[in-house]
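**Student:**
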Amino acid sequence: MEKKQQLLATCALKQRCADKQRGARDGEENPHSCHKCHQTFTTASNLRIHQHVHTGEKRYGCGECGKRFATSSSLQIHQRVHTGDKPHVCDQCGKGFSRAYRLKRHQHIHTGAKPHACEQCGKAFVELAYLREHQLVHTGERAFGCEQCGAAFGTSRYLNLHLRLHAGQKPYACDVCEKAFAHLSSLTTHRRVHTGDKPYGCDECGVFFARLGNLKSHRRRHARGERHRCDRCDEVFRSQRKLQIHQRGHAD
19 MEKKQQLLAT CALKQRCADK QRGARDGEEN PHSCHKCHQT FTTASNLRIH
69 QHVHTGEKRY GCGECGKRFA TSSSLQIHQR VHTGDKPHVC DQCGKGFSRA
119 YRLKRHQHIH TGAKPHACEQ CGKAFVELAY LREHQLVHTG ERAFGCEQCG
169 AAFGTSRYLN LHLRLHAGQK PYACDVCEKA FAHLSSLTTH RRVHTGDKPY
219 GCDECGVFFA RLGNLKSHRR RHARGERHRC DRCDEVFRSQ RKLQIHQRGH
269 AD
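Add 18 to a position in the sequence shown, counting from 1, and you land on the number used in our numbering.
Okay, structure coming up:
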């Protein structure tokens with residue numbers, strides 16, 4: 019019995035030694051710990067860089083615009099704004115981006131992925147930030163008001179877009195006809211004039227439109243039971259497609 023107890027004690031001692039050695043090895047791998055958030059680092063210099071997050075110190079200044087950053091890597095990323103460097107390239111279309119997260123966001127265009135869905139209406143978004151902006155539609159919250167016309171918006175981003183109308187700013191120009199627009203979405207819609215792209219299709223009659231608003235107006239006509247009348251002979255058809263086929267006869 020005594021021999022068995024000695025054996026158990028020896029095993030326990032060996033286990034404690036092994037645990038201590040393992041802890042020492044772990045400590046050697048990450049011996050530097052932040053006293054604020056307990057995140058660990060392999061070197062003291064990495065720990066010091068990290069601590070700028072808590073102190074708010076911004077030691078690295080941009081020589082072009084004076085904006086300051088907590089780390090040299092953040093400054094280097096920022097400087098791409100001035101140099102135009104876009105090292106992150108989409109392997110699908112070749113478009114380049116200055117930051118990796120922007121490339122990842124862009125790639126949703128090719129995959130069609132919209133991982134962030136609204137619980138109230140089911141509308142899905144590529145980014146969580148866009149979902150949060152959308153949710154203000156349901157809450158009715160509009161904390162950002164225009165001092166010039168009184169219009170109110172849910173986010174400062176939408177207010178800033180609106181202010182371009184008052185300022186006459188049109189930073190988005192068409193590379194085909196040089197027509198300029200205040201909003202990127204307006205330019206995107208306009209480009210369809212040149213490309214002929216009509217992405218919005220009616221699932222009832224198969225007619226396609228360049229603008230979502232035109233599709234919605236078209237669907238309302240279906241809901242009201244409106245028929246499609248030929249302006250040449252007044253013959254009525256149940257769908258726009260059949261009317262178009264009929265009108266080819268007039269053209270002949």
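Backbone N, C-alpha and C fix where the C-beta goes; we use that ideal spot for every residue, glycine too.
When burial is assigned at 16 or more other CB atoms within 10 Å of the CB, is G172 buried or exposed?
**Tutor:** With 16 or more Cβ atoms within 10 Å of its Cβ, G172 is classed as buried.
**Student:** Check for me: the alpha helix (DSSP H) holding K187 runs from which residue to which?
**Tutor:** In the sequence on display, residue 187 carries Gln and not Lys. Looking at the DSSP string, Q187 is not in any alpha helix (DSSP H), and its letter there is neither H nor E.
**Student:** Could you give the distance in angstroms between the alpha-carbon of H134 and the alpha-carbon of A142?
**Tutor:** Computed Cα separation, rounded: 5 Å.
**Student:** Which partner residues of T58 appear in the DSSP bridge assignment?
**Tutor:** Its beta-bridge partners are S51.
**Student:** So for G267, helix, strand or coil by DSSP?
**Tutor:** Of the three classes helix, strand and coil, the one that applies to G267 here is helix, per DSSP.
**Student:** Using CA atoms only, rank isn't needed, just tell me which of L93, Q69 and Q258 is closest to E82.
**Tutor:** The option with the nearest alpha carbon to E82 is L93.
**Student:** Helix, strand or coil: how does DSSP classify R237 here?
**Tutor:** If DSSP states are grouped into helix, strand and coil, R237 belongs with the helices.
**Student:** Does DSSP put R229 in a helix, in a strand, or in coil?
**Tutor:** Coil.
**Student:** Relative to the alpha-carbon of S204, which residue among I263, L183 and R98 has its alpha-carbon at the smallest distance?
**Tutor:** Ranking the options by Cα distance to S204, first place goes to L183.
**Student:** Taking just the CA atoms, how far does L65 sit from L31?
**Tutor:** Confidence at L31 is low in this model, with a pLDDT of 44, below 50, so its placement is unreliable and the value that follows should be read with caution. Each residue's alpha carbon lies about 35 Å from the other.
**Student:** Can you list the alpha helix (DSSP H) stretches of 4 or more residues lying completely in the stretch 71-135, in chain order?
**Tutor:** Listed in chain order, they are 90-96, 98-101 and 118-129.
**Student:** For the alpha helix (DSSP H) holding A147, just list the boundary residues, first then last.
**Tutor:** L146 to T157 is the span of the alpha helix (DSSP H), which, as asked, contains A147.
**Student:** If we ignore side chains and look at the alpha-carbon of each, how far apart do V144 and H124 end up?
**Tutor:** About 9 Å.
**Student:** Going by the DSSP bridge assignment, what does V254 pair with across the sheet?
**Tutor:** Partner(s): R247.
**Student:** Since H10 is in the alpha helix (DSSP H), which residue starts that stretch and which ends it?
**Tutor:** No information on residue 10 is available, as it lies outside the stretch 19 to 270 that the chain covers here.
**Student:** What are the residues that DSSP puts in a beta bridge with A169?
**Tutor:** DSSP lists no partner for A169.
**Student:** Within the same chain, show all residues whose beta-carbon is closer than 8 Å to that of Q57, passing over the 5 residues directly before and after it, in chain order.
**Tutor:** Closer than 8 Å at Cβ, skipping near neighbours: S51 and H68.
**Student:** Just the C-alpha distance for K85 and T73, rounded to the nearest angstrom, thanks.
**Tutor:** Each residue's Cα considered, the two are about 17 Å apart.
**Student:** Please report how far the alpha carbon of Y190 lies from the alpha carbon of L202, in whole angstroms.
**Tutor:** Whole-angstrom Cα-Cα distance: 6 Å.
**Student:** Pick from H96, Y119 and V99: whose alpha carbon is nearest that of H106?
**Tutor:** The residue with the shortest Cα to Cα distance from H106 is Y119.
**Student:** Out of F162, C220 and D252, which one is the CA nearest neighbour of N232?
**Tutor:** The option with the nearest alpha carbon to N232 is C220.
**Student:** Excluding five sequence neighbours on each side, which residues of the same chain lie with their C-beta closer than 7 Å to the C-beta of H152?
**Tutor:** Same-chain partners within the cutoff: C136, K141 and F143.
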